[in-house]
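So the sequence shown is numbered by numbering that gives the first Met the number 0: it starts at 0 and just counts up by one. Okay, so here's the structure we're looking at.
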Amino acid sequence: MKKFTLYISLLLLITCSKDSTEDNSSVYVAPPTNTTNPTTTPSVTQYTLTVTAGNGGSVSTAGGTYNDGTSIIITATPNEGYGFIGWNGSDSTSSTISVTLTANTTIEALFGQLPQLTLPETPSKMFTKGVGDTLSIGFSHAGGYKSTSLSAEYGSVSVISEPNEGDAEGNIVIEYTVNSVENVDRMTTIAGFDDIEISISGNDDLTNSATYQIRSQPEPVYRNYNLPSNETSNVKTNVNPPLVRFLNEKDNSMTDRCQYINGGLNKFGNIIDDYAGIAYADVNGDGYDDMFIHPVYTDGGAGGFSQIKNEYELYLYTNGEYIFHEINWRGNDIPSVHLARKILVGDFDNDGDPDFYSANFGIDGGSYDTEPSLFIINNFSEDLTLSYKENTHIKGVHEASSADIDNDGDLDIFSIPRESISDPPAVFFKNNGNFELENWAGYEYNGYTNIVFGENSIDDDPQWQRQYFSRGGFYHSEIYDINKDGYLDLIIGGHEWENDFRILWGSYDGFNTNNISLIPKVNSTELAYDMGILTDIKILDFDNDGINEIFLMRTGGDFEYGESSYYAGWYLQILKVSESNQLNDITNTLIDDYYSDDLENFCGNPYNNWIFWIVVNDYDNDGNLDIYNRMLSNRPLHRWEWNGSKFSKVD
0 MKKFTLYISL LLLITCSKDS TEDNSSVYVA PPTNTTNPTT TPSVTQYTLT
50 VTAGNGGSVS TAGGTYNDGT SIIITATPNE GYGFIGWNGS DSTSSTISVT
100 LTANTTIEAL FGQLPQLTLP ETPSKMFTKG VGDTLSIGFS HAGGYKSTSL
150 SAEYGSVSVI SEPNEGDAEG NIVIEYTVNS VENVDRMTTI AGFDDIEISI
200 SGNDDLTNSA TYQIRSQPEP VYRNYNLPSN ETSNVKTNVN PPLVRFLNEK
250 DNSMTDRCQY INGGLNKFGN IIDDYAGIAY ADVNGDGYDD MFIHPVYTDG
300 GAGGFSQIKN EYELYLYTNG EYIFHEINWR GNDIPSVHLA RKILVGDFDN
350 DGDPDFYSAN FGIDGGSYDT EPSLFIINNF SEDLTLSYKE NTHIKGVHEA
400 SSADIDNDGD LDIFSIPRES ISDPPAVFFK NNGNFELENW AGYEYNGYTN
450 IVFGENSIDD DPQWQRQYFS RGGFYHSEIY DINKDGYLDL IIGGHEWEND
500 FRILWGSYDG FNTNNISLIP KVNSTELAYD MGILTDIKIL DFDNDGINEI
550 FLMRTGGDFE YGESSYYAGW YLQILKVSES NQLNDITNTL IDDYYSDDLE
600 NFCGNPYNNW IFWIVVNDYD NDGNLDIYNR MLSNRPLHRW EWNGSKFSKV
650 D
């Protein structure tokens, strides 16, 4: 069986070989490979690329030799102060091109010096809101002038004069008008700044851009100072007086009082001064409020408070800053006092400019020595001086307020003294002109002899006044038409545990001690201690509904809780006056975060330190009313902003 199989296989092999030999004309036979003489590769054409840079720039490659059809990317980069113009050897205007070689090629990058700008010196002159003012920018460019484009975020800006097209040099005059004063450091100034973006192009289409920062300030406001002190004190200037004094090298308030670090600025060598009396008014008549202040000596402890007399200080708003101005007292002795507790602003002599009334206490502690209050007379319109005159009737006061009580055109004074200098004693003082005051009980108004104080009967004895007000507890007052009936009202308060805060309503026959409304006490159940001390009062119709609101700032005080709560924390109370002269407490419905009742820790918790003076005005010029405090040392800014339905705390 095996032999048969082998035979068949050989037969098949012989048969197939015969068939292929007979039909070999249709079969391709590859030539033998010559391993000793390989075929030569065809040659490739190459070209040279030469890349150069003109003056003022560089290129990414110098070129080289490349095969036909190779693409090379070239980037031109100008040096500082130069710009890319174009290429010799290419029509492209892009600074990055791709060159495909089909021949020897030469490329040159072209650069030109950018237009040169000469900007005004910095800082710029001051630009005032709503008033167009100009700047001149110098220009030079070998390629000739073409155009200028401008933009600013908070103002309107335009070109009002420029070189002719093609001029190699000249000036571009631009006009800028402040639309909104922004970027304000409100702790030190009312001025802000804006950036003008300037782009100048030459005929060669080279463009140079620059940013120039201008300073801006609000428009001047010339205020009427023959108004009640409630209005003249409620101005929105809110610089930080301790910071301003520090920047003027007058006090150490920016050094660390709590670590007993003395910066060496205070003339007495103590750690820091504080203040109580402060006033903002346009002393020099330029339409911008200046700052008049009385610093109070303190060594950081209660024992040193107001033990040394200090002089008054004047800081004039000058070109965006508050600058200390050495007061010329017309050759008189320089007035100095221990404690100017409150400073009123008013045109007390009807000459159109603001004067001051400094309500002075004296030494507030220990011996309780008293001193007279002073008129500070503004003579800046005459000879750039101030002068002063004493109120010869009283001394030792913690408060004062002013208004035209008898409607005769000048401002009268209300102030509760600790001590009378002249008899009879009084709290109302009639302004007779020339800064002369007289003790005052009755006065004529619309044919009636008004009753300043009395039990429904005419009694001109000022002793009525002293009997009513010297019972203690009254340390703050304002005279204002609170219920808008055409007659001035009197709001007073101080220590609530001694006497209730109250309003004496005015009428055709003056004030009457039977016609009063008591101010509601705050809800002590939500507090750690009573807020029984009144520190400030503001009255205005903030929502323009025809009814005034009363804003009261309180702090801790009621000795049944102990000394630790005395002048601790703060409480902002808001009242609304009804048609029947009822006082409705609307605090809860109108304001968020209206109190802080941690015990006072002057250094450890400044947020809880008691608040002195408050303002109800548009703090940040955004069209919304704010409530905020005047700044004192180691007391932060507190601010509530009206959101359409409530005052919400934002600081």
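Idealized CB from N, CA, C, for every residue including glycine.
Nearest-angstrom beta carbon gap, residue j and residue i [assumed within contact, 8 Å]
| i | j | result |
| --- | --- | --- |
| threonine 297 | aspartate 332 | Not confirmed; about 24 Å, so no contact. |
| tyrosine 316 | phenylalanine 291 | That pair is no contact at about 12 Å. |
| glutamine 464 | valine 426 | 5 Å |
| glycine 361 | aspartate 350 | Actually they do not touch by this definition, with Cβ atoms about 30 Å apart. |
| glycine 53 | phenylalanine 110 | 5 Å |
Residue i: first and last residue of the uninterrupted alpha helix (DSSP H) it sits in
| i | result |
| --- | --- |
| valine 243 | 240-246 |
| asparagine 229 | 228-231 |
| phenylalanine 379 | 379-382 |
Secondary structure of residue i, DSSP reduced to three states
| i | result |
| --- | --- |
| tyrosine 259 | coil |
| phenylalanine 434 | coil |
| threonine 105 | strand |
| aspartate 702 | Outside the modelled stretch of the chain, which goes from 0 to 650, sits residue 702, for which no answer is possible. |
| asparagine 633 | coil |
| glutamate 525 | helix |
| proline 77 | strand |
| glycine 622 | coil |
| phenylalanine 3 | Note that phenylalanine 3 scores a pLDDT of 38, beneath 50, so its modelled location is shaky; the value from the coordinates is reported in the next line. Helix at phenylalanine 3. |
| leucine 589 | helix |
| arginine 417 | strand |
| phenylalanine 601 | coil |
| serine 386 | strand |
| glycine 453 | Note that glycine 453 scores a pLDDT of 42, beneath 50, so its modelled location is shaky and nothing firm can be said. |
| glycine 129 | coil |
| glycine 303 | helix |
| glutamate 21 | Residue confidence is low: glutamate 21 scores 41 on pLDDT, short of 50, so the model does not pin down where it sits. Its coordinate-derived value is still stated next. Correct three-state label for glutamate 21: helix. |
| tyrosine 467 | helix |
| serine 89 | coil |
| serine 564 | helix |
| serine 252 | coil |
| leucine 574 | strand |
| arginine 501 | strand |
| serine 148 | strand |
| tyrosine 316 | strand |
| leucine 134 | strand |
| lysine 429 | strand |
| glycine 82 | strand |
| tyrosine 627 | strand |
Residues bridged to residue i (per DSSP)
| i | result |
| --- | --- |
| valine 295 | Asp273 |
| serine 357 | Ile342 and Leu373 |
| tryptophan 641 | Phe646 |
| asparagine 54 | Bridge partners of asparagine 54: none, in fact. |
| glutamate 310 | Ser335 |
| isoleucine 213 | Asp193 |
| aspartate 488 | Tyr479 |
| tryptophan 569 | Ser595 |
| histidine 140 | Per DSSP, none; premise fails for histidine 140. |
| lysine 537 | Phe550 |
| serine 401 | Ile412 |
| aspartate 289 | Ala280 |
| isoleucine 199 | Thr147 and Asn207 |
| threonine 121 | For threonine 121, which the question treats as bridged, DSSP gives no partner whatsoever. |
| lysine 394 | Pro371 and Glu418 |
Extent of the continuous beta strand (DSSP E) run through residue i
| i | result |
| --- | --- |
| phenylalanine 323 | 320-324 |
| tyrosine 479 | 473-479 |
| valine 615 | 613-616 |
| serine 160 | 154-160 |
| phenylalanine 550 | 548-554 |
| threonine 44 | Per DSSP, threonine 44 belongs to no beta strand (DSSP E) and is neither H nor E. |
| asparagine 511 | 509-517 |
| valine 98 | 95-99 |
| aspartate 67 | Note, aspartate 67: premise wrong, no beta strand (DSSP E); not H, not E. |
| tryptophan 609 | It is not in any beta strand (DSSP E) - tryptophan 609 carries neither H nor E in the DSSP assignment. |
| glycine 169 | 168-177 |
| leucine 116 | 115-117 |
Cutoff 7 Å: residue i Cβ touching any chain B Cβ
| i | result |
| --- | --- |
| proline 241 | Given the protein chain composition of this structure (a single chain), no chain B is represented. |
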